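Residue numbers (the numbering used here), protein chains in the order written: chain S, 1 to 970; chain D, 1001 to 1522.
Backbone N, C-alpha and C fix where the C-beta goes; we use that ideal spot for every residue, glycine too.
Note that the coordinates shown come from a computational prediction; the quantities given were computed from them, not determined experimentally.
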Amino acid sequence: QQAITGKVISGDDQQPIPGVNIVEKGTANGTITDFDGNYSMSVSGPDAILLFSFVGYQDTEQQVGSQTTMNISMATSVEELSEVVVIGYGSAKKEDLTGSVKAISASDFNQGSLNSPQELLNGKVPGVQITNSGGAPGANSTIRIRGGSSLSASNDPLIVIDGVPIDNNEIAGMANSLNTINPNDIETFTVLKDASATAIYGSRASNGVIMITTKKGTSGGISLDYNGTFSVNTVPKTIESLNSNQYRELMNTRFETTNPAVLDLLGDANTDWQDEILRTSVATDHNVSVGGEIAEFLPYRASVGYSLNDGILKTSQLKRWTGNINLNPKFFDDHLAVNISAKGMNIENRFADTGALNGAIGFDPTQVVRDPERFAPYGGYFAWAGSTGLPINIAPGNPLALLEQKLDKSTVNRFIGNIQLDYKFHFLPELRANLNLGTDRSKGGGNVIIDPQAAFDLGAFQNEGANKRYDEKKRNELLDFYLQYVHKFEGPDLNFDLMAGYSWQHFWNEKIETDVFGNGTIRNPELIQRSENFLVSFFGRLNLNLKNRYLLTATLRNDNSSRFAEGNREGVFPSLAFSWNIDQESFMGGSGTLSTAKIRAGYGITGQQDIGEDYGYLGIYTRGQETAQAIGYNPDGSPIFVSTLRPEGFDADLKWETTTTWNVGIDYGFKDDRFTGSLDLYLRTTDDLLNTIPIPAGSNLSNELLTNVGSLENRGIEFSFDANIIQNQDWFWSAGINFTYNVNEITKLTQVDDPSYKGVPTGGIAGGTGNNIQIHSVGYPAFSFFVWEQIYDENGNPIENAYVDRDGNGIINDDDKYRYKNSAPDVLMGVNTKVTYKNWDFSASGRASFGNYVYNNVNSDGAFYNKLQTNGQFTGNVTTNIYETNFVTPQYFSDYYVEDASYFRLDNIMIGYNFNNIFGGKWRARVYGTVNNVFVITGYDGLDPEVFDGIDNEVYPRPRTFMLGVNLGF
Amino acid sequence: DLDVTPIDPNLNTADKVYQTQDDLREGLAKIYAGFSVSGQQGPAGQGDLSGFDEGHSQYLRGLFVCQELPTEEVINGWNDGNLPKVSQMTWGDGNEFIRSFYYRAIYQVSLANEFIRQASRFVGQEGFERVPEFIAEARYLRAFSYWHALDLFGNGVPFVTEANEVGAFLPLPAGENARGPELYKYIESEALAIIGDNPEDNANVLPDAEAAVFGEADKAAAYMLLGKLYLNHAVYLGSEDNGEYQKGLQILQRLYDAGVYSLYTTDGPNYSAYEALFLADNQLTSNEIIWAFTFDGLNAKTFGGTTYIINASMGGAMDQTDYGTADAWGGNRTTPEFVDYFEVDSPNDGRALFFTEGQSKEIQNQDQFTEGYAVVKFKNKKQDGSDGSNLSEGFADTNFPVFRLADAYLMTAELEWRINGSISAASIGRINEIRTRGGASTVNSITDPKDFLLKERARELYWEGHRRTDLVRFGELVGDNYVWAFKGGIPSGTSVNSRYNLMPIPSTDVNANPNLKQNPGY
């Protein structure tokens, strides 16, 4: 035993550094420096080596020897930037990257009670847009990297968790496939944006790749971490529909003389239906993880997480258990590295019927919510019923009953596991073989139980309730194998790195559904669906690095998918990229200001095969269920039932959609990288677009079909800038900002070469049937709104049925519609900042979006006088927008409803305090508080301007969440 | 691994699905079911068409909307999208309700083409003896839907036969002009072939009249199709030709000569003979019903069909369970002008099946169910007064008579009048048979045959999907000679433009297929 003390200072400014981690190498023995940079500890003896480490500084080792005082000056780290970044089938040092790749590690994540792992990333990476589908617990989030490259095929990025590409489609009973992963277990996200980075994933890479790496065990002693939070979710805003007084007044004005019978339908209550269905709710989350090394060869990390989140829409709830184990042993003198990873998850959801949201907006506010006597047959809930007491099936259901008389619960289990063997050949350590066997299995299922007294479901009401049961199983099996050869040619200072591999993946799923009434009658016959597809691939990558200055990456992937017919099955996806580390050039040697400068240029082709159909190229027949048979009658009148065979529409020539990407960029850093950032320009062209289009009637066996038609282009600029503004003993202040500018344009839609061809209608809206508000047209962005130009009166109010007759022929028809704006933002901006002062820290992050337009379907289908009553049978409410429009009939296609929904949202603020001297510094503790969804600034009239597809109807309000959290660890 | 075949028990590939004659029967059954249900899962879930409300995309519902809503027989009060415009005759080329029927009709044609292609492979093989007859039925069903397309959308609709393989191509229109002979001639020649009249093409012949089970097509159904074609030829072709009317008389005579049809005249304790034609067990009236779309509340569930016709007509003070359904959608009523065909022109007529309690005759508000008399012609009740098979969910068993003998009688009378200017004594006798059966007084002579026929057709055949065609043929659908509540969009009714005699080809298809030409005026 030997006591040692000392002081740690920064080599940069000679100031003491507090909080430096000091460990005696090979033991669990360690301490940290105090505020003045001083430390004291006892070590095993003179042979002990102390390892000093601190963020932003190079690790420093020193043998103790006979000293009792050991002062250390730590050099600031440029190497800190040379973090190792996970890329497809391998990893690379950041400075060796040639593509557009951004890694975000845990310390940069958004904090607080987040709905989904996706949101950890929100606003952090230029070019990446993340929109959650609403505020429901466990809601899905849509990720778009550099705009959508497809029209009908998936625009979701490929997600790879610890080397296993996962099935990103949702499973029955769980909205968000990424909920499998506990955010607390995530070490880094790596976002691969350009084709030179993604093309190694070939046919699944057109929309970028997100690689998720979970935390691993570390060498050294045992460590334990606990993280717990408690949150309160509040309702930030509701839709303005008429209150009971406004409503009574309007009803009287409208119907007193024309149709007084309608007024008899009114009740005498004053109900705010949105208040009735929404609530302030609570959520809590706990995680424990333990890590360390067993017997000096088996590093491990294991964690367990539990969270319980009640939604702000009554009855909605998410309960989640997650478990995660990582084992990383090494054998044969580290020649064989093994990585075993297992993640399991169990979710219990209770879904609230989101129909209650629109229901509440449109429900008569003069009606009472419940009256146990008057509405006894309906469980006490107000219901619209006919003269017989039977509920009126086409009348809206009581919004609260929709929640409370429907028990919609699911349980989902998912397991993702893999074993990765990485072997460096004994006779040739430059050659490495890597085998990855993985599986992703999930099982989801649930019941939707309708109360026997539920008036909103006539069939169930008549048959003692109903119980629908659904089950889904999914399997995804993976085998990857690659060889990598790395050799440094000392003479020319050339690093040569060649990798080649094979991948096989199989996706399988099965769905079973039964639906029976409470009295045992079958409501819907059992439904069984099964499907599978295979993907077989060969891939390779060559990296050349000359003098650490000139880098070249070439990749090639050959994919074969069972989703296409022979002949179209094979796709070849190459990429090539070059980068130049200018900062390494001798002529830059003297420059003290420019610390990083790298120019990148890349080109590549990627594909898309996630078309949602496994047999789209095959002419297949579907057997009808027994509830949809053909009937004949014998002469005595007895029926003969014949089941039916339906031929499905198909496109035998279905093939890959391909995206060609050009990317140039620079990475820069000034003042020893206190200021860093990057700038990227890209051009992405997608050909043979997979698109569901209305096909010429008679040409196929459907009216709409998925086929390869047309091209589109995304052009954009991404810029990011991060600065460590203040860095001294007490203060640290950093801030980052990023911008994305993206333009999307359809360049070809050649089902026909006809200049008068309007395009492909899309974007179904609420109201009517089969109405579309958007269109894909050549020369315009995808999903452009296709509307009539509203004419306004002298007071600026829209005139009903008055539209600009653009072709001047006196008839307002489809030819008078024009393409007006679209839902994709022109510019996205992310901002974040972090301040620490001694033990305090504060951070905030926000996002802005400019030029995104939203079709206000809540108003277009919720504010016209005809909505006030239906057939004299029941009444309905309207939004206050009625005062502006005075529309009698719906004007779905008016551009009046297409609103500028630019916004700034402060996503998150956090304030925290670190206790680092508990139990003699052995324990770490931290308490913090956050507010999520702090505020939104927008000119948009609706509930929330952030609507992914630009059509605003039925959005679960995003809660404002206040959270208190605590971290404990040693 | 890459050569996959479906592992779903309900899916199969075309080359494997047809192994036996019974398999082919199931393929043919799909075309029949196409008139009754909207997809492979009743009532909704695996729709045949996409992009529409599935219930609305059902064949009969679409036909009813197109054939009945624009006329004085029905007014609809729902505020669904552009539906009110169908009642008002103010529709445009983007009307989603018209569009869905257009696609449905052409879909039936595509189904028949696919079936004929597949079934032809088995002709002549042992164990497939009935296949030529199956093909004849498919050809009938195709010709029938083409007739609807011709009637509603004109001669310029896309024209495809079994010779056009499934794929991505741009079908050519049947003919260059909206009115013209091409599609008409095709339907005629197909119908003649399958009744065995075309010596070069008589490989596929339908069963004789009444030799098929109720619901399947026989020669009599083809006679009726030809009769409809000849009767309306002046509309379809653009000019009148007495020779075509003569052909109409002859083909209907062959129907009578078959000797198997007669009016259903058995009054029951609960319902009259006329009412029995529209009940849940109306297959028992097959001596009069020549061909029907068949329904079943448990085995052919749909939100269209007679379920729609019945449920949409329930509301107000009615007890829907009196009519065999739990569901009341409160949408369809009738206009005062139609009521007067009975009240003024044929008082005490037993065919006037109205529900008037709490309903006003006059209509000020289109969207008020209690304005306008409710119509209770179709019911999900059996002759013995019991309910159809699925009262609780409100799905009807009631079959929909597409062609029935009473219609043939009125067609014969009209053909005579159109040829000779007068109606024969034999036809007046048949008309009196119809009227007597319906509980109306007999007529001795008919002074104004045009007025009488137009109104008598309404009295006998209302809500059976004939009205728009009839009004067009009589020249009374458009213009201001004949107006009714909400024609043109105002309560008292007003003139509408003559373009509404034809419906627009949906803008989606004009867009998708540049070979098509929009109908005049749209």
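Does any residue of chain S have a CB that is nearer than 8 Å to the CB of residue i?
i, result
"GLN1283/D", "yes"
"THR1508/D", "yes"
"ASN1198/D", "no"
"ALA1328/D", "yes"
"LYS1517/D", "no"
"ASN1513/D", "yes"
"ILE1309/D", "no"
Ordered along the chain, which non-local residues of its own chain (more than five positions away) have a Cβ less than 6 Å from that of residue i?
i, result
"SER241/S", "ILE361, ASN877 and THR879"
"VAL78/S", "Below a pLDDT of 50, predicted positions are generally treated as unreliable, and VAL78/S, at 49, falls in that range; the measurement from the model is reported next regardless. Cβ neighbours of VAL78/S beyond the five flanking positions: none."
"TYR378/S", "GLN453 and ALA455"
"PRO1504/D", "ASP1093, ASN1519 and TYR1522"
"ASN393/S", "LEU458"
"GLU1337/D", "GLU1072 and TRP1484"
"ASP422/S", "ALA337 and ASN434"
"ALA577/S", "THR98, GLY99, SER196, THR553 and GLY602"
Could you give the DSSP three-state label for residue i: helix, strand or coil?
i, result
"ASP1509/D", "helix"
"ILE277/S", "helix"
"VAL1160/D", "coil"
"HIS1233/D", "helix"
"VAL1065/D", "helix"
"PHE17/S", "The question names Phe, but residue 17/S in the sequence shown is Ile. Reduced to three states, the DSSP call for ILE17/S is coil."
Step through the CB atoms of chain D and report whether any lies within less than 8 Å of the CB of residue i.
i, result
"ALA848/S", "no"
"PRO982/S", "Look at the range of chain S in this structure, 1 to 970, and you will see that residue 982/S is not part of it."
"GLU80/S", "Confidence in GLU80/S is poor, its pLDDT being 43 and thus under 50, which makes the residue's placement too unreliable to answer from."
"ASN866/S", "yes"
"LYS758/S", "yes"
"SER387/S", "yes"
"ALA630/S", "yes"
"VAL642/S", "yes"
"GLY355/S", "no"
"VAL536/S", "yes"
"LEU690/S", "no"
Take residue i as the anchor and find which of the options has the nearest alpha-carbon.
i, options, result
"LEU705/S", "ASP1151/D, VAL1166/D and THR1356/D", "VAL1166/D"
"PRO1401/D", "GLN1108/D, PRO1043/D, MET1224/D and ARG1130/D", "MET1224/D"
"ILE294/S", "GLU585/S, SER223/S and ASN967/S", "SER223/S"
"PHE670/S", "LEU618/S, SER595/S and ASP730/S", "SER595/S"
"GLN1359/D", "GLY1350/D, ASP1345/D, ASP1349/D and GLY1331/D", "GLY1331/D"
"ARG1499/D", "ILE1007/D, GLY1488/D and VAL1478/D", "VAL1478/D"
Please return the same chain residues whose Cβ sits closer than 8 Å to the Cβ of residue i, not counting the five positions on each side in sequence.
i, result
"ASN953/S", "ASN358, ILE765, ALA766, ASN857, VAL858 and ASP861"
"LYS1361/D", "PRO1336, VAL1339, GLY1372 and TYR1373"
"ALA1138/D", "LEU1028, ILE1031, ALA1112, PHE1115, ILE1116 and ALA1119"
"LEU943/S", "LYS237, THR238, ILE239, VAL858, ASP952, VAL955 and PRO957"
"GLN67/S", "ILE4"
- Task: With a floor of 3 residues, list each beta strand (DSSP E) that falls wholly inside the region 565-634 of chain S, ordered by position along the chain.
- Result: 570-581, 594-608, 620-623 and 630-633
- What runs of the alpha helix (DSSP H), each 4 residues or longer, lie entirely inside the region 290-366 of chain S? 355-362
- Message: Could you tell me which whole alpha helix (DSSP H) segments of length 4 or greater appear in the region 454-487 of chain S?
- Response: 458-462
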